[in-house]
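When we follow numbering that gives the first Met the number 0, the leftmost residue of the sequence shown carries the number 0, and every step to the right adds one.
All residues carry an ideal CB built from backbone N, CA and C; glycine is no exception.
Structure, as structure tokens:
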Amino acid sequence: MHYAFVIVYSYLLGAIPSAYIIGQIKGKDITSEGSGNIGGTNAYRVLGARLGIIVALMDAGKVLLALILTRTLLGTEAGLFCAVLAAVVGHNWSVYVGFRGGKGIAVSIGAYLFLFPELTGLALLSAVFIVLVTKYVSLGSLNFVMTMAILLLVTDASLWFKGLGVLLLLIGMYRHKVNIKALRAGTERRFGDK
Numbered sequence: 000m001h002y003a004f005v006i007v008y009s010y011l012l013g014a015i016p017s018a019y020i021i022g023q024i025k026g027k028d029i030t031s032e033g034s035g036n037i038g039g040t041n042a043y044r045v046l047g048a049r050l051g052i053i054v055a056l057m058d059a060g061k062v063l064l065a066l067i068l069t070r071t072l073l074g075t076e077a078g079l080f081c082a083v084l085a086a087v088v089g090h091n092w093s094v095y096v097g098f099r100g101g102k103g104i105a106v107s108i109g110a111y112l113f114l115f116p117e118l119t120g121l122a123l124l125s126a127v128f129i130v131l132v133t134k135y136v137s138l139g140s141l142n143f144v145m146t147m148a149i150l151l152l153v154t155d156a157s158l159w160f161k162g163l164g165v166l167l168l169l170i171g172m173y174r175h176k177v178n179i180k181a182l183r184a185g186t187e188r189r190f191g192d193k
């Protein structure tokens, strides 16, 4: 199976705007409320905890489906690399909503849980600790992708997955650039803030 096919279906799956769809069902335009971001954290703020969790699970589920398809049809590490990267890009820059999207954290978590469940558990513990202590979801998100990148670099993961860890860190940092600026300025919203 050609890698281009993996990239196309993974992008299209990743691009499904879960938060936007749930928001429309509930009569809310998530792009014009809260931060305007089409992701799990803004869904949590705008739609409430229950729907925010559902959105995060849907976002993780998109990449899981792409990975299951790719492992079944192709089964190579290069294919899995392409599937994850395309799904994250699709989520962050969705063709369905004018190339807007989320920040790719729930999608990254879903991918990492599929590929590296033990390492992901460690990174999630670190991220949750950061959020509990600081109340900054953005800081916890950045901690997660950074911790995973480091763990993949220092363990026996293949070069494909070491590269994936670095790329997801860079994408995560880019998508959080406004949050990073707000953190430095002391104006970042804390968990629970509307």
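Pair within 8 Å by beta-carbon distance, Ser107 and Leu167 = It is a contact, given that the beta carbons lie within the stated cut-off.
Mapping DSSP to helix, strand and coil, what is Ser93?
-> Three-state DSSP puts Ser93 in a strand.
Given a threshold of 16 other Cβ atoms within 10 Å of its Cβ, counted over all protein chains shown, does Glu187 qualify as buried or as exposed?
-> It is buried - the Cβ of Glu187 has at least 16 other Cβ atoms within 10 Å.
Counting only the same chain and skipping the five closest in sequence on each side, list residues whose C-beta sits under 7 Å from that of Gly33.
-> Cβ neighbours of Gly33 beyond the five flanking positions: Asn41, Arg44, Val45.
Measure the alpha-carbon distance for Tyr8 versus Leu151 and round it to whole angstroms.
-> Cα to Cα, the separation comes out at about 26 Å.
Does the distance from the CB of Gly120 to the CB of Val62 come in under 8 Å?
-> Taking a C-beta distance under 8 Å as the contact criterion, Gly120 and Val62 do not qualify as a contact pair.
CB-CB length for Leu79 against Thr69, believed under 8 Å | Between Thr69 and Leu79 the Cβ distance is about 6 Å, and since that is below 8 Å, they are a contact.
Whole-angstrom distance between Ile20 and Ser31, CA atom to CA atom = Ser31 and Ile20: Cα-Cα distance of roughly 14 Å.
So is Ala48 buried or exposed if we call it buried at 16+ other beta carbons inside 10 Å?
-> Within a 10 Å sphere around the beta-carbon of Ala48 sit fewer than 16 other beta-carbons, which makes this residue exposed.
Would DSSP call Arg189 helix, strand or coil?
-> Arg189: coil per DSSP, three-state reduction.
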